[in-house]
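Asker:
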Amino acid sequence: MRAIIQRVSSAAVSVDNETVGKISKGLLVLVGISVDDNPADLETIAKKILSIRVFDDENGTMWKHGVKEIGGEILCVSQFTLMAKTTKGSKPDFHNAMASDSSKSMYSTLLDRLGELYDPSKIKDGRFGAMMSVSIMNEGPVTIPIDSRKYEYVNPSNALRTITSNPKAQSLELSASSTE
Numbered sequence: 011m012r013a014i015i016q017r018v019s020s021a022a023v024s025v026d027n028e029t030v031g032k033i034s035k036g037l038l039v040l041v042g043i044s045v046d047d048n049p050a051d052l053e054t055i056a057k058k059i060l061s062i063r064v065f066d067d068e069n070g071t072m073w074k075h076g077v078k079e080i081g082g083e084i085l086c087v088s089q090f091t092l093m094a095k096t097t098k099g100s101k102p103d104f105h106n107a108m109a110s111d112s113s114k115s116m117y118s119t120l121l122d123r124l125g126e127l128y129d130p131s132k133i134k135d136g137r138f139g140a141m142m143s144v145s146i147m148n149e150g151p152v153t154i155p156i157d158s159r160k161y162e163y164v165n166p167s168n169a170l171r172t173i174t175s176n177p178k179a180q181s182l183e184l185s186a187s188s189t190e
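Here it is in structure tokens:
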């Protein structure tokens, strides 16, 4: 499961020009559900949404409070496109996204779990599967991707050191070219 968390002063979701979800200060969370996701993934994401410290304290010190500590609201928006693979060609591949019926059930369970762990009146959402218009007033901006499974980017300079320090590895040559 993947989520994009955005710290907002306000956010709203509309379907067919009708506002279906709206919050003031809090988090807008875009949620993508993978074919491999299970209840453990859901629990990990729910706890991370509620605990991640993206709000300042009363002295203006950054990264001190989570949404619960400031009494903020959460607006969740289902977004299967977060599961897109873009490694081949120029058309996104959505085969990693969970099928709609199963995904709708897991998304609904996520909303319920957030309400159980926090305050159900502070959890809002869009309309699952609908074409939505999302408007936000992002503060910072602060936008943080989270994933229920451990994925890390490799520092290219460390990877190069590892490859070239291995005598059996082929040497890599990096070159930069510029066009004039």
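Using my numbering, the first residue of the sequence shown is number 11, and each one after it goes up by one. Even for Gly, the Cβ is constructed at its ideal location relative to N, Cα and C.
Nearest to residue 40 by alpha carbon, out of 93, 25, 53 and 106?
Answerer: With distances taken between Cα atoms, residue 40 lies closest to 93.
Asker: Can you name the residues that DSSP bridges to residue 29?
Answerer: 24.
Asker: Identify whether residue 111 lies in helix, strand or coil by the three-state DSSP scheme.
Answerer: If DSSP states are grouped into helix, strand and coil, residue 111 belongs with the helices.
Asker: Using DSSP bridges, identify the partner residues of residue 83.
Answerer: BP columns for residue 83 point to 36.
Asker: Quick check on residue 26: buried or exposed, where buried means 16 or more other Cβ atoms within 10 Å of its Cβ?
Answerer: Exposed, because fewer than 16 other Cβ atoms sit within 10 Å of the Cβ of residue 26.
Asker: Going by DSSP, what residue range makes up the alpha helix (DSSP H) through residue 51?
Answerer: Taken as a continuous stretch (DSSP letters only), the alpha helix (DSSP H) holding residue 51 covers 49–61.
Asker: Per DSSP, which residues does residue 147 bridge with? Please list them.
Answerer: 20, per the DSSP bridge assignment.
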